[in-house]
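Protein chains in written order, with the numbering used here: chain A, 1 to 438; chain B, 1001 to 1283; chain C, 2001 to 2333. Where is the CB? At the ideal position from N, CA and C, for every residue including glycine. Note that this is a predicted model, so its numbers are computed, not measured.
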Amino acid sequence: MRLTHITKRFGANVAVDDVSLAFAPGEIVGLVGENGAGKTTLMSIAAGELAADEGTIDERESVGIVHQHFLLVSEFTIAENLALAMWGRDPEAIIRDSGIELRDVHRRVAELSVGEKAKLELIKAVARHPRFLVLDEPTSVLAPAEAGELFAVMRALAAAGTTVVFISHKIPEVLEVATRVVVMRRGRIVADGSSMTAEELAWAMVERRQVERRSDSLVPQTSEISRTGESDLRLAFRLADNVAVHSGEILAIIGVAGNGQAEMAASLRDSLSGRVAHIPEDRARDGLIAEMTISENIALAEPRWQPRVAAQRAAALIERFDIRAQSPDQRAGSLSGGNQQKVILARELERQPEIIIAAEPSRGLDIEATRFVHDELRAAATRGAAILLITSDLDEAFALGDAIHVIYRGKLSARLTPAEAAEQAPRLMGGVNREIGA
Amino acid sequence: MTEQLLAAIPLAIVASTPLLLAVLGELVVERAGMINLGIEGMMLTAAMTAVVAAQWTQSIALGFVAGIAGAAAIGAIFGLFAIRFAVDQIVTGTAIVLLAQGLTGVVYRQLQQSAIFLQPVPRFGTDVIVPLAWIAIPIVLALVLWRTRFGLRLRACGELPGAVTAVGASVPRHRWIALAIESVLTGIAGAYLALALSSGFAENMTSGRGFIALSIVIFGRWKFKGALLGTAVFGIAAAAQYAMQASGRGVPFHLLLAVPYVVTLLILCGIAGKVRAPESLGR
Amino acid sequence: MSGRTNERRFRFAIAIVAAAGAIIVLALCGIAFGRGPGELLSILASGSVGSSFALQGTLLKSVPLLLTGLSVALAFRAGVWNIGGEGQFLAGALGAFLGARYGMVAALAASVIAGAIWASIATAMRLWRNAPEVLTTILLNFIAIHLFGYAVNGPLQEASGKYPQSDAIPAAAMLPTLGDRELHAGALIALVVAIGVWFLLYRTAEGLRLRAMGFNPSAAKWAGVNVNAQLVRAMAISGAMAGLAGGIELLGVTHRLFERFAAGYGYAGIAVALLAQLHPLGTIASAFFFGALTTGAGELQRTAGISSMVATLAQAIVILAMIVFTRRSKASS
Chain A
1 MRLTHITKRF GANVAVDDVS LAFAPGEIVG LVGENGAGKT TLMSIAAGEL AADEGTIDER
61 ESVGIVHQHF LLVSEFTIAE NLALAMWGRD PEAIIRDSGI ELRDVHRRVA ELSVGEKAKL
121 ELIKAVARHP RFLVLDEPTS VLAPAEAGEL FAVMRALAAA GTTVVFISHK IPEVLEVATR
181 VVVMRRGRIV ADGSSMTAEE LAWAMVERRQ VERRSDSLVP QTSEISRTGE SDLRLAFRLA
241 DNVAVHSGEI LAIIGVAGNG QAEMAASLRD SLSGRVAHIP EDRARDGLIA EMTISENIAL
301 AEPRWQPRVA AQRAAALIER FDIRAQSPDQ RAGSLSGGNQ QKVILARELE RQPEIIIAAE
361 PSRGLDIEAT RFVHDELRAA ATRGAAILLI TSDLDEAFAL GDAIHVIYRG KLSARLTPAE
421 AAEQAPRLMG GVNREIGA
Chain B
1001 MTEQLLAAIP LAIVASTPLL LAVLGELVVE RAGMINLGIE GMMLTAAMTA VVAAQWTQSI
1061 ALGFVAGIAG AAAIGAIFGL FAIRFAVDQI VTGTAIVLLA QGLTGVVYRQ LQQSAIFLQP
1121 VPRFGTDVIV PLAWIAIPIV LALVLWRTRF GLRLRACGEL PGAVTAVGAS VPRHRWIALA
1181 IESVLTGIAG AYLALALSSG FAENMTSGRG FIALSIVIFG RWKFKGALLG TAVFGIAAAA
1241 QYAMQASGRG VPFHLLLAVP YVVTLLILCG IAGKVRAPES LGR
Chain C
2001 MSGRTNERRF RFAIAIVAAA GAIIVLALCG IAFGRGPGEL LSILASGSVG SSFALQGTLL
2061 KSVPLLLTGL SVALAFRAGV WNIGGEGQFL AGALGAFLGA RYGMVAALAA SVIAGAIWAS
2121 IATAMRLWRN APEVLTTILL NFIAIHLFGY AVNGPLQEAS GKYPQSDAIP AAAMLPTLGD
2181 RELHAGALIA LVVAIGVWFL LYRTAEGLRL RAMGFNPSAA KWAGVNVNAQ LVRAMAISGA
2241 MAGLAGGIEL LGVTHRLFER FAAGYGYAGI AVALLAQLHP LGTIASAFFF GALTTGAGEL
2301 QRTAGISSMV ATLAQAIVIL AMIVFTRRSK ASS
């Protein structure tokens, strides 16, 4: 199969940007990249599930695709799910032919382990004998032994001439099974080769932008304090037994998305009390109430609300945070992404929080807006707020963080200085070093 | 006491036949992922069209056909809104009940002044509906839902519509067919109620049977065995109640009427055993 | 700003179209039965607003419709599917009856509390057992109807034991009439409640959060809104208003309880609220429209022999039209 100059846009967002890629039979291609890099979109186009805006696909073969989100009816049995996919074939025989082990077809899918569900999805795809098989993050829910079993199936299929594309952001696994690795970032292919090291892969995957370096700013280097002695700092809250966040510091959590960051932010939202500001990661869903006005959104958490007073306050904040809006009565949903983020910042920072949990605060923002967000966070830290910055943008973490922890599979590394992190992060983020702390 | 109860059973089976048909129809529809409150309106409309047709043509068979047509017409309106426009099913269902109550009320009053309503309602002959409803239809429906590809897909529509779309089948098409099945069954239910049990139409004569059917579907945990059992229990309890009332004993009638709803509430709360509705019910 | 004005005009236009649609269907009903549509419309108009007597009847019907409409509007605004107006209406009437011996104020307070409690059963089931309120409120309607039936056939039946109805409430508990007319003070209460709901929703922090929850509970949660507490209060306030409707109907109009007391006011509230597009002040106009329709339909039945059920038919048409229209306008924006 050969993809030539494929481009796909969702609104103003370019998901896949002029990608050309050719696949040979018998290859196992590891397709890696951050969330939103365009991997799944590209493969959906290859499978014919999505239409490309531009570009051509030549020599398309029978394509099977196993999605990250299972399309299994949990109330049905294994046999019923197979019957739904292909009526009239003996479920036992389908499983036997696939070479994947899955016992007792009369069990309900709801009773299966996630690993078994993943196998069932794979069986469904393999049973159609595709010449081109796409597996979207198949190992994210598998135990190591199950992953090994999956790799054996992939190798057997490849040996029989099938092209297998394995979408993942787990570098060790990709290196283990893939005969060729393709790295995507922001809709483009940034690396393609058959002999890359784990460090090179991790470094190619993550977002890197030119952001204002710490040394360029006028804010004093508080990281000095954190090294001179932790007893001088006031503890704000603990993230884990040996992970503390102190007043006046910015603690950055970095890692490849999907390693427990969202769960961490949600649990902090529910457990912390007092003057806590939250900047949610999923801005479209959790950030603002699109149907309500800017002024109303800003006032949401206030104990008292009077429209006129709130509008005056909102007008002042619009001025101060340089929000491009016609009036405080404008619908929040009609603002651009960057301006929406500024409204969230205005709301959250205006009440002088003692703790700030900021998840991906500058994702998708232009340079100017990013700089603004960073300045505000620094100013809040200078004022004495304890800031937890959860980000997958390494440069952002290095530019802002006084100290850094790497998160991998829900676990945090030891506390690193930005310099240490710059050196060790690629390895830790890729899960190369398994004995990381906490 | 026991004698009264035993004597009440055959009567109870016959009297709760329309209810059972409604339960079976609603079960199919809910398995396909829709919750149709409008079933009350479908049955009520069917009762009216069945009576009018039977009086006009003096044919019981044509009465039943007209009953099915009446239920289907109302069911089609529900489908138009719930499937085609994909608006809220509960609000749509509530509106459908009001629509049917309004329509039948207006038409009934109008026809009372016409000659058709002066015609006698033809006598209902041999009763094939009862064995059909209690034996044949549940078996056939169970076989269709659990032994055919169509049934498998229909149930998948109620659990994970995306899985149906993924195999290239149409979710709306399966839901329309489920609604058609419900229309036939509630059409027969309404016609039976009016022609066999009551020999005539009265305003609001279904008196909440559609809503009780909805409760029994939950009570029976969306299974045919549960549906039969639930309807039988309800029917016998109601019949026993009438018997006890006649003998001047027992729990006040109105309190007993509330029991099925209380039980359903408890089931919904998971108090009276585990319950699991179709995953995509109402969506 | 002009965008919002345009949108308001558009929403207003939708409501007018739906209401007009309902009237047109009624007129067409007339043609089907050999009556001219003009004739029917004139009977409808004269029977509802054509005379001071007719107007009073319309206003009397509008009072419970306004309150149940507000009950639904507030709940739907907060994203809470309270379909239980009918049951809460009955609970309120029952509460008012029991409180009536302690005077009018006690009776009204009892109706408010009873309605709120009855609605809160559904909230409790939602929070503790995750039972969907849309189903539990409907079931609670039927339980209320049968409990009510038991009450007027049993413990609360009139002393003479003749009919399935209660004795009349003490005169001291009855709502005073306005001037020498039939219209009672409940009309003023309902108007005050409508303005109160508007104030609550659009002028208080509580209302801000209720609306936020209705639009996007997830974002509201991230902004620090306690959505569970908000749900509890939304349901209780909604139930309280439906309960008050039942109480006022008892204290101002019927003065006694009887079977079929709710007479569909709870379900009609859905039509009232949807036509008003869930706006509390719009609900005043919408309740008046349906009140007029109901009294006008009564006149149709008396003079033209057309069943008063046409009013129910019109409610159904308005609900169906409004859910499709508002869906369309949401999709297009």
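request  = Output yes or no for whether 7 Å exceeds the beta carbon distance between residue 2144 (chain C) and residue 2247 (chain C).
outcome  = no
request  = Measuring only between beta-carbons, confirm whether residue 2019 (chain C) sits less than 7 Å from chain A.
outcome  = no
task = Sort A:160, A:245, A:302 by Cα distance to residue 28 (chain A) and report the nearest one.
result = A:160
ask   = Near residue 2015 (chain C), what residues of its chain come up, given a Cβ to Cβ distance below 6 Å and the 5 sequence neighbours on each side ignored?
value = 2275
inquiry  = Please give the ranges of any beta strand (DSSP E) in the region 365-390 of chain A, keeping only runs that are unbroken, at least 3 residues long and fully inside the region.
reply    = none
request  = Mark residue 2155 (chain C) as exposed unless 16 or more other C-beta atoms lie within 10 angstroms of its C-beta, in which case mark it buried.
outcome  = exposed
key: Under 9 Å (Cβ pairs) to chain B, residues found in the region 2299-2313 of chain C   = 2301, 2305, 2306, 2307, 2308, 2309, 2310, 2311, 2312, 2313
request  = Helix, strand or coil for residue 96 (chain A), going by three-state DSSP, please let me know.
outcome  = helix
message = Under 9 Å, CB to CB, which of the residues in the region 285-299 of chain A have a partner in chain C?
response = 285, 286, 287, 288, 289, 290, 291, 292, 296, 297, 299
key: Identity of the residue in C:2297, C:2291, C:2304, C:2321 nearest residue 2056 (chain C) by Cα   = C:2291
ask   = Is it the case that the Cβ atoms of residue 2084 (chain C) and residue 2141 (chain C) are separated by a distance below 7 Å?
value = yes
inquiry  = Just to confirm my understanding: we take residue 2101 (chain C), look at its own chain, exclude 5 residues before and 5 after, and list those with CB closer than 7 Å. What are they?
reply    = 2170
ask   = Does any residue of chain C bring its CB to less than 7 Å from the CB of residue 1270 (chain B)?
value = yes
task = Given a cut-off of 7 Å, decide if residue 1181 (chain B) and residue 1065 (chain B) are closer than it, judged by their beta-carbon atoms.
result = no
query = Who are residue 1279 (chain B)'s beta bridge partners in DSSP?
reply = Answer is none; residue 1279 (chain B) lacks a bridge partner.
request  = Please work out which residues of its chain come closer than 6 Å, Cβ to Cβ, to residue 2067 (chain C), disregarding the five sequence neighbours upstream and downstream, and give them in chain order.
outcome  = 2190, 2241, 2244, 2245
inquiry  = For a contact defined as C-beta to C-beta under 8 Å, what are the partners of residue 1282 (chain B) on chain A?
reply    = Under the 8 Å cutoff, chain A gives no residues; its nearest Cβ is about 16 Å from residue 1282 (chain B).
key: Rounded separation between residue 217 (chain A) and residue 111 (chain A) - CA only   = Since pLDDT at residue 217 (chain A) reaches only 37, below the 50 mark, its modelled position is unreliable, and no value is offered.
request  = Give every residue of the same chain whose Cβ lies closer than 8 Å to the Cβ of residue 25 (chain A), excluding the five residues on either side of it in the sequence, and list them in chain order.
outcome  = 131, 161, 162, 163
query = Is there at least one Cβ from chain A nearer than 7 Å to residue 1123 (chain B)'s Cβ?
reply = no
query = Helix, strand or coil: how does DSSP classify residue 2322 (chain C) here?
reply = helix
ask   = Hey, residue 1051 (chain B) and residue 1195 (chain B) are a contact pair by Cβ (cut 8 Å); roughly how many whole angstroms apart?
value = 7 Å
request  = Use the C-beta contact count for residue 86 (chain A): other C-beta atoms within 10 angstroms, 16 or more gives buried, fewer gives exposed.
outcome  = exposed
query = By Cβ distance below 8 Å, which residues in the same chain neighbour residue 1138 (chain B) in space, the five residues on each side in sequence not counted?
reply = 1024, 1224, 1227, 1228
As assigned by DSSP and simplified to three states, the class of residue 56 (chain A) = strand
message = If we define contact as Cβ-Cβ less than 7 Å, is residue 2153 (chain C) a contact residue for chain A?
response = no
inquiry  = Distance cutoff 7 Å, beta carbons only. Does residue 277 (chain A) sit that close to anything in chain C?
reply    = no
ask   = Is residue 428 (chain A) helix, strand or coil when you go by DSSP?
value = helix
key: Cβ neighbour criterion (16 or more within 10 Å) applied to residue 287 (chain A)   = buried
key: chain B residues whose Cβ lies nearer than 7 Å to that of residue 2134 (chain C)   = 1090
query = With a cut-off of 7 Å, does the C-beta of residue 87 (chain A) fall near any C-beta of chain B?
reply = yes
Beta-ladder partner(s) of residue 294 (chain A), from DSSP = DSSP lists no partner for residue 294 (chain A).
task = Starting from residue 2221 (chain C), follow its DSSP beta bridges and name the residues at the other end.
result = Its beta-bridge partners do not exist; DSSP assigns none.
message = Rounded to the nearest angstrom, what separates residue 2049 (chain C) and residue 2079 (chain C) at their Cα positions?
response = 35 Å
query = Around the Cβ of residue 19 (chain A), are there at least 16 other Cβ atoms within 10 angstroms (buried) or fewer (exposed)?
reply = buried
request  = Kindly say whether residue 280 (chain A), judged by its beta-carbon, lies nearer than 7 Å to any beta-carbon of chain C.
outcome  = yes
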